[in-house]
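Scroll down for the structure; my scribbles are underneath it.
Residue numbers (our numbering), protein chains in the order written: chain U, 12 to 246; chain D, 3 to 66.
Have a look at this one:
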């Protein structure tokens, strides 16, 4: 596909114009997320701190949750409630969720105290909030799938709250089959999708600099005019 | 007393076999009540957060 007009594709000064939606979409994506931003080789100097590790820690835990969840789904409850290996995988599925939430909350604290929504990163912050909320719902449906007195107690307490807010008719926590489907299909897809969007937004806007970051940093120097104008609008 | 301890362990295992979760340990100060396990998780998160702020980050080899 070639761009319309006399302008050659790939020119720096003038953006190529496309007549097809695929070309337009490709141009739109490449402008916002060029390959060197999507998969960068290095990060600004201020990222060399342990406080920046917890986001990736949460993603690592999420990968294990999904892998162990796939193993549990393939073998079924007759396996993971009875066999030794099944118990083990079931337990690591639970403990990786514990780690996921711990890392996510520490990531949240870190980003809150460095006001990570600065510099046009509001959507990154909002997708993080949505990821947190959807993860809570997913973990909740996991508790309901223990199929013991604990899960029965949780379900019958929760149904009153869900009925009170008016969603009990289509999100029935006492319907085990429905909750199983939510837990192993819809909600994992939602969590993975929101987290993927969150990571793409982080790549697009770069890791937020600390409040007292040195203006001599390479990324800050590069983005300074744009960031200064964006932050100036909010002052 | 060891006898009471054994009895408690036996009762715990019977509850577990019946699928009934152990009641858990709760700590309370006035109107504030928290389960011991939840308190451990929160304290652990605060410790990790503070350590992450002050622990030096290792320098990568061969990096600019």
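The beta-carbon is built from N, C-alpha and C at its ideal position, and this holds for glycine as well. It should be emphasised that the depicted structure is a prediction, and the values quoted were computed from it without experimental measurement.
- When DSSP states are grouped into helix, strand and coil, residue 61 of chain D belongs to the coil group.
- DSSP links residue 28 of chain D through a beta bridge to D:37.
- For residue 154 of chain U, the closest C-alpha among the options U:210, U:143, U:166 and U:144 is that of U:166.
- Any Cβ of chain U closer than 8 Å to the Cβ of residue 52 of chain D would place that residue at the interface, and such an atom is absent.
- Taking 9 Å as the Cβ-Cβ cut-off, the region 71-98 of chain U has no residue approaching chain D.
- Neighbours of residue 35 of chain D in chain U, taken as residues at a C-beta separation under 8 Å, are lacking, since the least C-beta distance is about 16 Å.
- The beta carbon of residue 43 of chain U sits closer than 7 Å to the beta carbons of 215 from its chain, once the five residues preceding and following it are set aside; these are given in chain order.
- The C-beta of residue 62 of chain U comes closer than 8 Å to at least one C-beta of chain D.
- The DSSP-derived three-state label of residue 129 of chain U is coil.
- Contacts between residue 59 of chain D and chain U, judged by CB atoms closer than 8 Å, involve 59, 60 and 61 in chain order.
- Counting only runs of 4+ residues, the alpha helix (DSSP H) found wholly inside the region 106-156 of chain U occupies 133-155, in chain order.
- Contact of residue 113 of chain U with chain D is assigned, a C-beta pair being separated by under 8 Å.
- Cβ-Cβ distances below 6 Å link residue 36 of chain D to 29 in the same chain, with the five nearest sequence neighbours on each side left out; the list follows chain order.
- Secondary structure note for residue 65 of chain U: its alpha helix (DSSP H) is the uninterrupted segment 65-86.
- Any Cβ of chain D closer than 8 Å to the Cβ of residue 120 of chain U would place that residue at the interface, and such an atom is present.
- The region 86-102 of chain U makes no contact with the region 51-71 of chain U, as fewer than three CB pairs between them are under 8 Å.
- If you draw a 10 Å sphere on the C-beta of residue 48 of chain U, you find fewer than 16 other C-beta atoms in it, and that means exposed.
- Between the region 118-130 of chain U and the region 204-224 of chain U, the count of Cβ pairs shorter than 8 Å is three or higher; the stretches touch.
- Taking 8 Å as the CB threshold, residue 45 of chain D stays off the interface with chain U.
- For the 8 Å CB-CB criterion, residue 76 of chain U and residue 118 of chain U do not form a contact.
- Residue burial annotation: residue 123 of chain U is exposed, with fewer than 16 other C-beta atoms found within 10 angstroms of its C-beta.
- For residue 219 of chain U, none of the residues of chain D pass the 8 Å Cβ criterion, the least Cβ distance being about 16 Å.
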